[in-house]
Structure formats: C-alpha cells, structure tokens
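The sequence shown begins at 10 in the numbering used here and counts up by one. Glycine residues also receive a C-beta, built at the ideal position from the N, C-alpha and C atoms.
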Amino acid sequence: MRWQVLGELPEHPRNLRDIVHFEEQFSLRPLRYLRMRYPNRQCCITGTTAEFQVFGEGYPAGIILQSPIYDLGAVRNATGLSWQVEAPERTRVEIRSRTGNLLQESYIFHDKNGKEVTERKYNKLIPSFKGRIDTVRSPGDDWSIWSQAYERSDRGFLSPTPRRFVQLQAYLLSDDPMQRAVLDELVLSYTEPLAAATRAEIYPIQAQPGQRTEFTYYLGWDIGAGSTGFDQLLMRSGADIELGELRSGGQVLDVEITRVDGGLDIAFADPFVRAGLIELDFASTIYRQQMPFEVFLASGREERQIRQRVDVGDASDAVASDAISVSLPVGPTLIDGLSVSAALVTPNGDGIGDRLRIEFALLNVLQPRLLHVALYDLSGREVRVLHDQQQTAGPIMLSWDGQDEFGQLAAPGNYLLRVKMQGDAQTQETNKIIALAY
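Okay, structure coming up:
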C-alpha cells in the first residue's frame, strides 16, 4: 500500500500529561484504510485512544455489486449481457462475469438461539439445543476467473460457455464525490448450446517476430442431446489472418470467406450436427507476446445469429499445445527490422528516388506508447518529424520527400533518421544515416 500523511500532532511534553483533542481537516479524497501511528522516541511511554471519528461527504468512490450464483438449469450457451445504467460525467460502471459447472457446498451451524457454532460443537448439542444449518454454495474448481470489463453489450459474452452456472459483478466508480453511477438493469441472454463441448489448439505456438508464419488450428467438438449444431466459424485476432485450407475427416471443405474487422467469418454449405474435428491452415505475422486466435461457433445470420465461444483444450492427438495464443522469443527489443528503400534520396521530381520509404516493426507494445520518428542534421537540429503519436505493436511504414518542417527542400548532405519508442520499462531508439542529394 502507498500511505499518505493526512495529519500530524507535533511532539510536545504536554501531550504526555493532558488529554489531547486532535483534529485534522483535509480536502475530499477517496480513502479505504486509515492508520494511526505513535512514533514516540521516548520509550516506556504509552497512551490510549478514547475516541476516533472520521467524517466524509458525498458518494463512495467505488462499490462492488455481486450477484448470487445463477443456475441455468442445465448447460447453456450464454450469448451476451445487456444493461441500463445512469453514468454522469466522471462516473462509470464496469461489468464482469464468470462461469463454471461445479459448485462447492459448505455448512454454517447454529444453536437454538441462532448463534453460529462450529460443526464439532453442534454435533455435541442435544437435539433440543440444535438450531438451523445453512448451506452456502460457492464456485467450484472449474470456474473461470472474472472476465475483462464489458465495453458494450453487443460484444458478446466474455466468459467460457456453455456452462451451467453464471455469476455477475458490477463495479460502480466515481471520480467526483458529488456524482454517482446507477445500475438500473442487467440482463443475461442464453440459448441451447450449439455444441455440448468444444476444444481448440494451435500449432506451432511460437513464431519469430515480424516474420510470416504458417499455423494449423485444430477445432474439435461434441454434440449432445440439446445441441443444435453450427454452420459458421468466426475467427478473431489482433493479428492478420491469411486463410489456407480447411479439412474435416480427410476432406477439403468448401467454404465462403468474409473479411470483417478483427478477423474472418467462415460459412459452410452444410451445418455440422455430429461430433467432429476441423483442421484450419492459416498464416500470420506476429508482433506481440501471447497473440490469441479465438474462434466462435455460429448459427444464423445478422440479428438472429447465435455464437458460442470455443474452449481451449486438447483437440487433436497430432499436436500437444493446448493453447490458442502464439508467443515470441523473450527479449527486450521494441523496434525491429528498421529498413529504408535507399541510402540516398534524390528529390529531383523525376520519379526516381524522390521519396524515402521507411519500414520497421514495433514488438510487444501492448498499450499505446509514444513513437517519435524524425530526421536530424549532423549538428543535432531536428529537420522533419515524420511520426509523433501513440502506437501499439505492429508494422510501421513512413516516407520522407526530402522536405523540412516548413515545406522547403532540405539542404543536400547527410541526415540522421532516429526512431524512438517509449516503453514501460525502457526507452529504445534506433538510428540510420540518410544522404540527400540533387
């Protein structure tokens, strides 16, 4: 914890003789824990606190609302959450979910007066002295952790599904003590599962950064009594996906591919209504650690479409990855593969060497960080800024037309191209000499 001093009583001899009334006022701030310390340098002197009062104003800075465990009656496919909130400026509501199929039960024992007692003591009581026994249900060993916060209701359900039990959590936050968020309604939507169980894994699970790599995605599923089957796969990733061949039962599948934001929609001519395995070949270029490739089963179109997230697991005996994320070799590199189209730029207007093309990749930059790319003369003066904004991992392509910041052709000579990236733990830069001539 990081503690802040809110008040301090100066050391004085009279504090050792009298009853001291100490009051400290400070501006409104969110607090959860308060601690009182007595850093007295005179040993063997003690005191007691007769009364301790803390006064606040406004609404809490944050409260957590947690639902009971909802039993859907059977294994169901949760498809989404929708909600209605009142969130004035400087307030927000974060909603999360978790799911599972197993429950743990514990028991709380009471005597006849309603006092809680241990099980051992309860068993020693005569029947007329025994009270009620409460059963408490809690998540079992197979439950997922709390999901990421839902950004919007049309994003789908974020926890593993299908599952029988669901629990929801709402975190109401306020940066203004005079404003509060209100959760009016929270609705869980679910359907019969498309498949009773799913499992997926990818191979290989490691790639070289910035290099095109070929992968195979293995997807297996079981069909149960209530399963309805599926006729689409939705593949999503933060990396590019170059789809290859799809196979099932040794046969190449005929599919219809639609490119969407963040991945591919794959439609089959006939629905899958029996258990099976699909092998999906694709290629991609990875720029950050643990890049996930998620797949959803789907049935129906547009507003009537039903989705089911595929679980990670052992889908095929041919591989043993049990993962759907691709990792990169561990290293501190943030800027990789800086290259230019030529070492000499000749902006004569003849179409040959008029522009300098600059390419490189950012690696393992998960959150937006400042990327600064500029050209300097040999005295260190900044001549032209090519890029100065937040960026995440991925390929970067820039160009320079030989002009300075004022739109004038720069003087012939040598220039320093500097790429500078501010990471969380370090700031990294790479330089290259560029010549300009006419």
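> Along the chain, where does the alpha helix (DSSP H) that runs through residue 452 open and close?
Replying inline: Residue 452 lies beyond the residue range present for the chain, which begins at 10 and ends at 447; the question has no answer from this structure.
> Quick one: what's residue 441 bridged to in DSSP?
Replying inline: As a working mapping, residue 441 is identified with position 432 in the sequence shown. Bridge partners of residue 441: 426.
>> Please report the distance separating the alpha-carbon of residue 412 from that of residue 418.
In response: Position 403 of the sequence shown, counted from the first residue, corresponds to residue 412. Position 409 of the sequence shown, counted from the first residue, corresponds to residue 418. Roughly 4 Å between the two C-alpha positions.
>> Spatial neighbours of residue 185 within its chain, please: C-beta separation below 6 Å, excluding the five flanking residues on both sides.
In response: The residue labelled residue 185 in the question sits at position 176 within the sequence shown. Closer than 6 Å at the Cβ level, and outside the excluded window around residue 185, lie 99.
>> At 4 residues or longer, what runs of the alpha helix (DSSP H) sit wholly inside the segment 198-250?
In response: none
>> Taking DSSP's pairing of strands, which residues face residue 75 in a bridge?
In response: Your numbering for residue 75 matches position 66 in the sequence shown. Residue 75 pairs with 178.
> Cα separation between residue 365 and residue 429?
Replying inline: Numbered from its first residue, the sequence shown carries residue 365 at position 356. Numbered from its first residue, the sequence shown carries residue 429 at position 420. Spanning the two alpha carbons is a distance of roughly 18 Å.
> So residue 71 and residue 180 are in contact, right, with Cβ under 8 Å, and what is the actual spacing, rounded?
Replying inline: Residue 71 sits at position 62 when you count from the first residue of the sequence shown. Residue 180 sits at position 171 when you count from the first residue of the sequence shown. Yes, residue 71 and residue 180 are in contact; Cβ-Cβ is about 6 Å, under 8 Å.
> By Cβ distance below 6 Å, which residues in the same chain neighbour residue 363 in space, the five residues on each side in sequence not counted?
Replying inline: Residue mapping note: residue 363 aligns to position 354 of the sequence shown, counting from 1. Contacts found: 356.
> For residue 311, which three-state DSSP category applies?
Replying inline: The count along the sequence shown starts at 1 and reaches residue 311 at position 302. Residue 311: helix per DSSP, three-state reduction.
>> Per DSSP, what are the beta-bridge partners of residue 157 in this structure?
In response: The sequence position of residue 157 within the sequence shown is 148, counting from 1. None; residue 157 has no bridge partner.
> For the beta strand (DSSP E) that contains residue 420, what are its first and last residues?
Replying inline: Taking the sequence shown and counting its residues from 1, one reaches residue 420 at position 411. Where residue 420 is concerned, there is no enclosing beta strand (DSSP E), given that its DSSP letter is neither H nor E.
> Tell me which same chain residues have a C-beta within less than 7 Å of the C-beta of residue 89, skipping the five on either side of it?
Replying inline: Counted from its first residue, the sequence shown places residue 89 at position 80. For residue 89, where only same-chain residues beyond five positions count, the Cβ hits under 7 Å are 162, 165, 166 and 198.
>> So residue 173 and residue 80 are supposed to be a Cβ contact under 8 Å. How far apart are they, rounded?
In response: Your numbering for residue 173 matches position 164 in the sequence shown. Your numbering for residue 80 matches position 71 in the sequence shown. That pair is a contact at about 7 Å.
> To which residues of the same chain is residue 147 closer than 6 Å at the C-beta, ignoring the five residues directly before and after it?
Replying inline: Taking the sequence shown and counting its residues from 1, one reaches residue 147 at position 138. Result list for residue 147: 113, in chain order.
>> Beta-carbon within less than 8 Å of residue 155's beta-carbon, same chain only, minus the 5 sequence neighbours each way: which residues are those?
In response: The residue labelled residue 155 in the question sits at position 146 within the sequence shown. Answer for residue 155: 105, 106, 107 and 178, listed in chain order.
>> Rounded to the nearest angstrom, what separates residue 325 and residue 304 at their Cα positions?
In response: Residue numbering aside, residue 325 sits at position 316 when the sequence shown is read from its first letter. Residue numbering aside, residue 304 sits at position 295 when the sequence shown is read from its first letter. So the alpha carbons of these two residues sit roughly 16 Å apart.
> residue 306 bridges to which residues according to DSSP?
Replying inline: Stepping through the sequence shown from its first residue, residue 306 is reached at position 297. 242 and 317.
>> If you measure between the beta carbons of residue 86 and residue 207, is that distance less than 8 Å?
In response: Taking the first residue of the sequence shown as position 1, residue 86 is located at position 77. Taking the first residue of the sequence shown as position 1, residue 207 is located at position 198. No, the Cβ-Cβ distance between residue 86 and residue 207 is not below 8 Å.
>> Could you compute how far the alpha carbon of residue 65 sits from the alpha carbon of residue 43?
In response: Here residue 65 refers to the residue found at position 56 of the sequence shown. Here residue 43 refers to the residue found at position 34 of the sequence shown. Straight-line Cα distance between these residues: approximately 13 Å.
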